[in-house]
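Residue numbers (this note's numbering): 4 to 335.
Dropping the structure here:
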């Protein structure tokens, strides 16, 4: 529906009519003046392949690579790597179903949280695009959703940004409770290889399930619990208040331009954790710096969030605290 110039906040009018000087103009739909009205030029219609074919293809590939990874993780037969395992024991792929189904369920829930809120706010968005990865670990690099127009206001930005982590977190909590019931405790002398960090929520649930665990023992996670652990890890990563991460969306919706200050304060903490614990944090700092740690503006920055959304923001912060592991991976 066309809107008159008087209905558009001055800041939005400036940004949309002076696109030559706006660094974020590629993120905004074109506004074309027609007499006394300003019409929003709709984004180009995506092709059938990009709208349906590509998401289905990528999901199928990711389902296969996560199935492969899940089966390879628990393989006890002598093999020379993941490819040798696939060639020699293709029938064993069925053993990867618990891990793959759980991990994909968490990721799908996360991404469709974003997608459904995009539809509610009438923001054109693609179906989730899953990214297959090598089967030597978990078989995927996660998923993304492409927005085909700019977000109009802070409420839409907040709702779309926070929906994914909350939805994925709920799915991961259900999965960890199921997975821990199949997990078991062994002496630490019997464990080797990759050690997973323990976020607060995992520690609490483990205490509820097993009681106090002696420092000489460890929990061997069932594949369902392992996938749930990654659900916590993905949730915490996404809630970092950086740029285009979900946490960046939420922080900008709540704090406005002050999100950049919060992001700048987060960077040295991650660098410290990378130097003293897991080097992967430094990689995340590098990626965030390439994309931009500051969040691009919304078209109407003056919308008030309201008290309910601020309570949800506090809930998102609590989720980050209980799912964050300072040293998520180590070798033992």
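Beta carbons: idealized from backbone N, C-alpha and C, even for Gly.
The model shown is predicted, which means the values in this text are computed figures rather than measured ones.
Between residue 113 and residue 170, the C-beta gap is smaller than 8 Å, which places the two residues in contact.
The alpha carbon of residue 146 has as its nearest neighbour, out of 309, 239 and 58, the alpha carbon of 58. DSSP places residue 202 in the coil class of the three-state scheme, outside both helix and strand.
Between residue 246 and residue 174, the CB-CB gap reaches or exceeds 8 Å. Residue 302 and residue 120 have their alpha carbons spaced roughly 18 Å apart. By the Cβ neighbour-count rule, residue 206 is exposed, with fewer than 16 other Cβ atoms within 10 Å of its own. For residue 147, the enclosing beta strand (DSSP E) stretches over residues 143-147. Residue 220 carries a strand assignment under DSSP once its states are collapsed to helix, strand and coil. Shown here for residue 105: same chain residues with a beta carbon closer than 6 Å to its own, the five before and five after excluded, namely 178, 227 and 230 in chain order. According to the DSSP assignment, residue 334 belongs to the beta strand (DSSP E) that extends over 332-334. Around the beta carbon of residue 272, fewer than 16 other beta carbons lie within 10 angstroms, which makes this residue exposed. Here residue 256 is not near residue 244, since their CB atoms are 8 Å or more apart.
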